[in-house]
Amino acid sequence: MIEQNKIKDSFVGTLVGCGVGDSLGLFLETMSLEQIRTTFSIFNNSRPGFVTDYLEPFERVAGEPHYFSKFKRGEYSDDTQGTISLGESIIYNKEIDPNDIARRLVTTFYENEIKQKSWGKAVTQGVVRLAAGEHWTKTGIDSAGNGVVMKISPVGLFYSLNNSLSATEFNEKLVNDCKNISIMTHRNSQAVVSGCVQSKAIDYIIRNNVVGNYKFDVDDFFNNIIDFSKKAHYLSGFSGTDPEPYWDDKLKQVYDLVKSDASVEDAVGELGSKAYCMESLAFSLFCFGKYPSDLEECIIQTVNAGGDTDSNGAIVGALCGVLQGNSAIPLRWKEGLEDYDKICDVGEQLYFTALNQK
Ligand SMILES: [Mg+2]
């Protein structure tokens with residue numbers, strides 16, 4: 106593939122991967138790994154205990170209503186809505202403009218009443234305050250949820266084709282943008298740095314494995330994001346809550362699990378996989394480090410491990426999608442995904458925006 110087409114395929118793959126992981130994981134949200142294995146032991150003949158394709162909406166537990174019972178097969182949720190909204194803002198403004206991102210966040214929230222139910226607590230509270238006219242620098246609450254990291258991939262894509270910044274300028278700008286996007290909903294250093302780490306991971310993969318065309322090197326990848334997480338923590342100069350653990354220690358723990366070839370079950374036990382960003386991103390990075398060259402298996406393992414399955418799917422889907430490109434995503438997943446053509450279009454336009462940035 107000509108290099109430019111390959112890069113464009115990676116941009117599109119990042120957004121489609123997010124949508125695919127989100128939609129595959131949606132109906133499994135909050136189940137545990139054990140519950141998923143038991144529930145689907147009879148549902149899936151080809152691979153008992155695992156969900157390998159989009160599900161029809163179903164009520165999992167009698168008497169327990171779930172917001173997603175109104176969702177259709179292949180429909181995506183807040184994670185992909187947030188990613189598309191952020192991508193469209195960057196395309197429109199040709200830069201990362203927190204004022205516009207905040208405006209679009211509100212519009213996106215109110216445009217779909219069914220999807221609205223999938224939005225997390227911090228983002229919902231932020232939106233309500235933004236809609237009431239408060240400035241985005243004041244609307245975030247002290248939450249370390251994964252509402253920032255799940256939607257941040259367009260920022261990493263945008264910077265990945267910028268070659269005019271020095272390393273110091275790049276770090277400062279990336280951290281500042283991720284911080285602004287975070288604090289409108291999550292005023293918390295773990296949430297801010299989670300967005301920085303995912304953006305850097307996306308940027309790293311485009312520069313080294315897509316443009317640079319090197320084979321993916323798991324050691325170099327983790328060393329890079331560990332090192333960056335330390336800088337991001339410092340640069341974010343956080344004046345709000347700054348609880349431990351810090352991301353560099355968490356990422357070292359993830360890297361150790363990958364190096365020791367830990368099982369997915371062991372990693373869930375050690376890291377967790379719930380909506381807390383230190384669990385959700387850490388577990389997603391573990392799965393990505395364990396299955397970097399097998400997009401399908403990586404996404405299946407991630408969403409079938411329980412916890413915040415749709416957001417973990419969205420995070421890992423973006424990572425696998427950027428590395429392997431949209432062409433590597435199984436056709437059955439692309440064909441079944443809501444708004445597939447629109448998502449591809451946003452990915453393509455984001456590519457041209459990133460390529461032509463000043
Ligand atoms: Mg969701």
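If you use the working numbering, the sequence shown corresponds to residues 106 to 463, in order.
For every residue, glycine included, the Cβ atom is placed at its ideal position computed from N, Cα and C.
Given the structure, does residue i come close to ligand 1, in the sense that its CB is under 8 Å from one of the ligand's heavy atoms?
| i | result |
| --- | --- |
| Leu131 | yes |
| Glu218 | no |
| Asp105 | Any property of residue 105 remains undetermined from this structure, which presents the chain solely from 106 to 463. |
| Met255 | yes |
| Glu443 | no |
| Ala419 | yes |
| Glu134 | yes |
| Ser398 | no |
| Ser223 | yes |
| Ser258 | no |
| Ser190 | no |
| Ser174 | no |
| Ser378 | no |
| Ser385 | no |
| Ser182 | yes |
| Asp127 | yes |
Could you give the residue range of the alpha helix (DSSP H) that holds residue i?
| i | result |
| --- | --- |
| His171 | Taken as a continuous stretch (DSSP letters only), His171 belongs to no alpha helix (DSSP H), as it is neither H nor E. |
| Trp438 | Leu436 to Gly441 |
| Thr119 | Glu108 to Leu131 |
| Tyr197 | Asp183 to Asn198 |
| Ser223 | First-last for Ser223: undefined, no H or E at that position. |
| Asn204 | Pro203 to Tyr215 |
| Ile448 | Tyr445 to Leu460 |
| Ser258 | Ser258 to Ser265 |
Excluding the 5 residues preceding and the 5 following residue i in the sequence, name in chain order all residues of the same chain whose CB lies nearer than 6 Å to its CB.
| i | result |
| --- | --- |
| Thr244 | Gly231, Arg234, Leu235 and Met289 |
| Ile543 | An answer regarding residue 543 cannot be provided, because it is not within the stretch 106 to 463 covered by the chain. |
| Asn461 | none |
| Gly351 | The question names Gly, but residue 351 is Tyr in the sequence shown. These residues qualify, in order along the chain: His338. |
| Tyr396 | Glu402 and Cys403 |
| Gly377 | Glu384 |
| Gly441 | Tyr159 and Gly179 |
| Asp308 | Gly261, Tyr264 and Ser265 |
| Asp353 | Ile331, Ser334 and Lys335 |
| Ala380 | Gly250, Asn251 and Asp413 |
From the DSSP output, read off the bridge partner residues of residue i.
| i | result |
| --- | --- |
| Gly411 | Ser137 |
| Ile246 | His291 |
| Tyr381 | Gly250 |
By Cβ distance below 7 Å, which residues in the same chain neighbour residue i in space, the five residues on each side in sequence not counted?
| i | result |
| --- | --- |
| Ala167 | Note that Ala167 scores 45 on pLDDT, short of 50, meaning its location in the model is unreliable; the coordinates nonetheless yield the value given after this. Nothing listed; no residue qualifies. |
| Lys336 | Asn276 |
| Ile405 | Phe155 and Thr157 |
| Ser432 | Asp114 |
| Trp438 | Val125 |
| Ile420 | Val254, Met255, Gln303, Ser385, Leu386 and Ser389 |
| Lys220 | Ser182, Asp183 and Gln186 |
| Tyr172 | Lys222 and Ser223 |
| Val474 | In the structure as shown, the chain begins at 106 and stops at 463. Residue 474 is therefore absent and cannot be evaluated. |
Using only the heavy atoms of ligand 3, determine whether one of them is closer than 8 Å to the beta carbon of residue i.
| i | result |
| --- | --- |
| Ser299 | With respect to ligand 3, the structure shown offers nothing to examine, as its ligands consist of ligand 1. |
Less than 8 Å between C-beta atoms, sequence neighbours within five positions excluded: which residues of the same chain meet that for residue i?
| i | result |
| --- | --- |
| Leu455 | Phe116, Leu120, Gly192, Ile195, Ile196, Pro259, Leu262 and Phe263 |
| Val253 | Cys283, Ile286, Ser287, Thr290, His291, Ala296, Val297, Ser299, Gly300 and Cys382 |
| Glu200 | Gln462 |
| Met204 | Reading off the sequence, residue 204 comes out as Asn, not Met. Excluding residues within five positions, the ones whose Cβ falls inside 8 Å are Trp241. |
| Val451 | Leu120, Ile189, Gly192, Glu193 and Ile196 |
Chain B beta carbons: is any one of them nearer than 9 Å to that of residue i?
| i | result |
| --- | --- |
| Phe388 | The structure shown contains no chain B, having only a single protein chain. |
Suppose only complete runs of 4+ residues qualify. What are the alpha helix (DSSP H) ranges in the segment 328 to 403, listed by chain order? Listed in chain order, they are 352 to 364, 369 to 376 and 382 to 395.
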